[in-house]
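Remarks on the structure that follows.
Numbering (the numbering used here), first residue to last: 56 to 299.
Here's what the structure looks like:
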């Protein structure tokens, strides 16, 4: 189960040296960059660094496309594209623009900081990945009924991102929209070796107390042990009734 809950981004570890190599920016961008010093790429829900890094990645990819005249919105800059741009000579020469990759990295950090401040306040240390990266579960039918959609909606802060084993693929606003709905580990050598937890709850009935009772355990990676019930032994005596 620990493997399934791995939230360390190897992509972050690969790209962080580029962020740390630029001169420290002034103001908000500098405060955000300071928080990345010593961070090792763990996409924890209760930390600001994952939010800063992922916002910076979005801005850096968009700036690289813009530098080559790609129309805005016509092509989404995937993480692999940004890795190519910032870690290969060919990518840097073609995509970073006349100012070079350091200028692109710095501008992307500034834009990311401004965007996050508008959503989460002016103090980067108070930002939290889980505030933006929330898994959202909606009823397949009631989601279309305005009042009931809010009453039946289940949401929880989650760790991970698009590049971690504990997958937390997200939309442009960082809302968590893709990942493992079921976490399961089976020890085939033990009859009681099944650990599992599903998102939301055991029941599909919004009025049930089990509607969302497993959601927090699922997000935290705390599975339930699904063991066999204790053997029950009893006797049933069948006595024929005498004919009348």
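Just so you know, even glycine gets a beta-carbon here, dropped at the ideal spot from N, CA and C.
Residue i: first and last residue of the uninterrupted alpha helix (DSSP H) it sits in
i: residue 240; result: Premise fails: residue 240 lies in the beta strand (DSSP E), 237–241, not in any alpha helix (DSSP H).
i: residue 149; result: 144–150
i: residue 160; result: 155–175
i: residue 57; result: Where residue 57 is concerned, there is no enclosing alpha helix (DSSP H), given that its DSSP letter is neither H nor E.
Burial state of residue i, where buried means 16 or more other Cβ atoms lie within 10 Å
i: residue 231; result: buried
i: residue 274; result: buried
i: residue 78; result: exposed
i: residue 240; result: exposed
i: residue 199; result: exposed
i: residue 126; result: exposed
i: residue 109; result: buried
Start-to-end residues for the beta strand (DSSP E) that takes in residue i
i: residue 204; result: Here residue 204 belongs to no beta strand (DSSP E); instead the alpha helix (DSSP H) covers 201–207.
i: residue 189; result: 189–192
i: residue 250; result: 249–253
Under the three-state DSSP convention, the category residue i falls into
i: residue 77; result: coil
i: residue 63; result: strand
i: residue 70; result: helix
i: residue 126; result: coil
i: residue 293; result: coil
i: residue 105; result: helix
i: residue 183; result: coil
i: residue 196; result: coil
Contact check, residue i vs residue j, beta carbons under 8 Å
i: residue 171; j: residue 107; result: yes
i: residue 115; j: residue 84; result: no
i: residue 122; j: residue 96; result: no
i: residue 140; j: residue 119; result: yes
Selection from the options that minimises the alpha carbon distance to residue i
i: residue 220; options: 99, 85, 82, 71; result: 99
i: residue 179; options: 64, 103, 264, 114; result: 103
i: residue 165; options: 247, 87, 68; result: 87
i: residue 91; options: 81, 68, 113, 82; result: 68
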